[in-house]
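Sequence order for the protein chains is A and B.
In terms of numbering that gives the first Met the number 0, the first sequence opens at residue 0 and continues consecutively.
In terms of numbering that gives the first Met the number 0, the second sequence opens at residue 0 and continues consecutively.
The structure appears below as structure tokens.
2 protein chains.
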Amino acid sequence: MVSKVVFGRGSFNQLSEILAPKRLSMNAPFIYIIDDVFKNNQWLTSRIPLAYDDKILFISTEEEPKTSQVDAIVEDIILTTKELPSGIIGIGGGSVLDLAKAVSIMLTNEGEAKDYQGWDLVKHPAIYHVGIPTISGTGAEVSRTTVLIGPEKKLGINSDFTPFDQVILDSELTKDVPKNQWFYTGMDCYIHCIESLKGTYLNTFSETYGNMSLELCKEIFLDNNLTAEESEEKLMMASWHGGMSIAYSQVGVAHAMSYALAYVLGVKHGIGNCIVFDHLEEFYPEGVKLFKAMKEKHNIMLPQGICADLSDADFDKMTTIALNLVPLWENALGKNWKQIITPKKLKELYQKM
Amino acid sequence: MVSKVVFGRGSFNQLSEILAPKRLSMNAPFIYIIDDVFKNNQWLTSRIPLAYDDKILFISTEEEPKTSQVDAIVEDIILTTKELPSGIIGIGGGSVLDLAKAVSIMLTNEGEAKDYQGWDLVKHPAIYHVGIPTISGTGAEVSRTTVLIGPEKKLGINSDFTPFDQVILDSELTKDVPKNQWFYTGMDCYIHCIESLKGTYLNTFSETYGNMSLELCKEIFLDNNLTAEESEEKLMMASWHGGMSIAYSQVGVAHAMSYALAYVLGVKHGIGNCIVFDHLEEFYPEGVKLFKAMKEKHNIMLPQGICADLSDADFDKMTTIALNLVPLWENALGKNWKQIITPKKLKELYQKM
């Protein structure tokens, strides 16, 4: 689990104080990995305490993070710094946080990032790493995984060394998120909760986190009695608790299907989950009903027909990738999941999207 | 925060597997600090993986843990082991867990435990320490404090090094807790929630944890629709979330008053909280009403007249100790708390108990 967390509006201002005791030497810089939407945002960047060889890498999140991208950043850091960094600080959404986690792992573990996609393959502790979410919902700030697209699969590096050593939860950093993205990423959290709470892997630990997160999602996306600030704070906590819920259980049908959409079509995770979940009444009847109500309330129009032009080979690839995510199907549908979801049935579902 | 947690009925069986990679050498033993109610309990002790110089210290929890007791255990460990221990494992209720945390800190920090009562006074990381609760409610398994009675005060060692490195939440270990103790310790959790949720220090982080814990307490102590196993699992989670809630806010009137009761009369924490809270309608009207309903439902008779024979000097000592806990009063009553609660008023409250 995350070792330390600071919560509060404006707590980003504590960054300098938090990092100071972690600097190993003048030659061991802090490397900031930041979503490039903040590139010319003085409000944020002026508060980043650069000293010595510290540097900022602005990262485009147009695409889902890739293992090759992790390897390239790691190589760049090794070639341009005198010593291993004192820390990696990720400031952004799920993609940036996952990149920061993966880079901090790959700086101390040999080989390529793709070699570590899976469960508990990481051998050495990562570099000290800090996560600062600027959009809420992914749970990446609290999870023990970093989901990456590799040459063969979209899968996380799940390990005890993956979680952040420090997280700063400052909801003020989420104030300028565009509405659609706010909804898609918030729904990532909502879908985590439904998949966790309706899964066969559920236990009381996950259930209590899932219930709490679900209640917060309803308050934010349906009840509509909150100020903007309250809503931002609550969504940040919903994301945290939703992430904790799946960390101790598993996601389900929507995530399995949207991982494959991301791999084949490059559909981003938040919107991909929404596109898929919209068609999953059969598996999550109440959850999908509530999702449609939220979608309507916020006038969200999801893209239609994204699979219309796919070839049979594309569908085959997509169903194969999705069905390879065994723990997700087993959680969703039980031990006999293969009798419920066949490649043919999965293809039919994709064809509706 | 706690770095690692395992949850589940029977998860205590994983202890051996969890500890094995943490053994530093043959000469660096694991020391088990265990509540002596388990002394002849083969069901539990036979599952403790002793090897080399590992040993068990059975501890009586008749009295609240003391700084002098911590110092004595630390001295004993240093005198009887060849190297610093590989780990300290606490198995018991709040007292035992707090002792285990304090011992692990004092093995690597000079001086006496009383020198570290307060906030952030610990200089060096503690020995690896594991917490395994056998009764639910105190939140000691998750908190960043270890509450001890010192020569001058009852106060915790609050530090980043205090939380356990590993916690095992196995609700089966709580199955034989006597009913009264189950109620008192469960109410410790309930009172944490009320004090946190009604406090001026409240923030959204603590609020979400407090709400979740409070809902679980209601389900367990009022609704009564649970099997014994469900109830044990849920109370374990209520304790965890309640502990998280106060870790990021603060306790209030009941804890300030019961700390002083413990110091002067040796009243144990769980029952002390109940005795005090029963008279706090003025500060927590709804919370006390619900508490009385729970008390009635479970036919709990609290001791009466425990302050009947106290001298004026005793009352003075008690009110002084209680009023010294400034953050607790400030959380409960706001910045102007001294205008609301005077020594005279506090004495009158104690006289009712």
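Backbone N, C-alpha and C define an ideal beta-carbon position, used for all residues, glycine too.
Where the beta strand (DSSP E) containing residue i begins and where it ends
i             : result
residue 157/B : 153 to 157
residue 274/A : Unbroken run through residue 274/A is the alpha helix (DSSP H), 268 to 276; no beta strand (DSSP E).
Which residues DSSP lists as bridging residue i, in chain order
i             : result
residue 30/B  : 54/B and 87/B
residue 168/A : 6/A
residue 65/A  : 148/A
residue 104/A : None; residue 104/A has no bridge partner.
residue 129/A : 88/A and 165/A
residue 117/A : 156/A
residue 24/B  : 27/B
Bounding residues of the alpha helix (DSSP H) (the contiguous stretch that carries residue i)
i             : result
residue 326/B : 325 to 332
residue 191/A : 178 to 196
residue 314/A : 311 to 322
residue 212/A : 203 to 217
residue 220/A : Premise fails: residue 220/A is in no alpha helix (DSSP H) and is neither H nor E.
residue 44/B  : 41 to 44
residue 142/B : Neither: residue 142/B is in no alpha helix (DSSP H) and is coded neither H nor E.
residue 59/A  : Neither: residue 59/A is in no alpha helix (DSSP H) and is coded neither H nor E.
residue 244/A : 227 to 246
residue 257/A : 252 to 264
residue 284/A : 284 to 296
residue 344/B : 342 to 350
residue 280/A : Per DSSP, residue 280/A belongs to no alpha helix (DSSP H) and is neither H nor E.
residue 15/A  : 14 to 18
residue 339/B : 336 to 339
Cutoff 8 angstroms; reference residue i; Cβ partners in own chain excluding five residues on either side
i             : result
residue 84/A  : 27, 28, 29, 30, 76, 106 and 126
residue 291/B : 277
residue 221/B : 289, 292, 293 and 296
residue 35/A  : 57, 58, 59 and 60
residue 137/A : 92, 93, 96, 184, 187, 188, 238, 242, 268 and 269
Sequence-distant residues of its chain with Cβ nearer than 6 angstroms to residue i (five each side left out)
i             : result
residue 201/A : 248
residue 64/A  : 94, 97, 98 and 147
residue 245/A : 191 and 195
residue 353/B : Absent from the model: residue 353/B. The displayed extent of chain B is 0 to 352, so no value can be given.
Other residues of its chain near residue i: CB distance less than 7 angstroms, five sequence neighbours each side excluded
i             : result
residue 176/A : 134
residue 349/A : 306, 314 and 317
residue 73/A  : 102, 105 and 106
residue 123/A : 107 and 108
residue 279/A : 252, 253 and 287
residue 86/B  : 18, 21, 29, 126, 127, 128 and 129
Status (buried if at least 16 other CB within 10 Å, exposed otherwise) for residue i
i             : result
residue 303/B : exposed
residue 103/B : buried
residue 46/A  : exposed
residue 333/B : exposed
residue 41/A  : exposed
residue 324/A : buried
residue 144/B : buried
residue 259/A : buried
residue 310/A : exposed
residue 110/B : exposed
residue 227/B : exposed
residue 284/A : exposed
residue 327/B : buried
residue 205/B : buried
residue 48/A  : exposed
residue 158/B : buried
* Could you tell me whether the stretch 227 to 241 of chain B touches the stretch 263 to 271 of chain B, where touching means 3 or more Cβ pairs closer than 8 angstroms? => no
* Cβ pair count under 8 angstroms reaching 3, the stretch 176 to 188 of chain A against the stretch 206 to 223 of chain A -> yes
* To do: Pair every Cβ in the stretch 157 to 176 of chain A with every Cβ in the stretch 5 to 16 of chain A, then say whether three or more of these pairs are closer than 8 angstroms.
  => yes
* Taking three-plus beta-carbon pairs below 8 angstroms as touching, is the stretch 335 to 352 of chain A in contact with the stretch 141 to 158 of chain B? -> no
* To do: Mind checking the stretch 187 to 207 of chain B against chain E and listing, in chain order, the residues whose C-beta falls within less than 7 angstroms of any C-beta there?
  => Within the model displayed, chain E is absent; protein chains A and B are what it includes.
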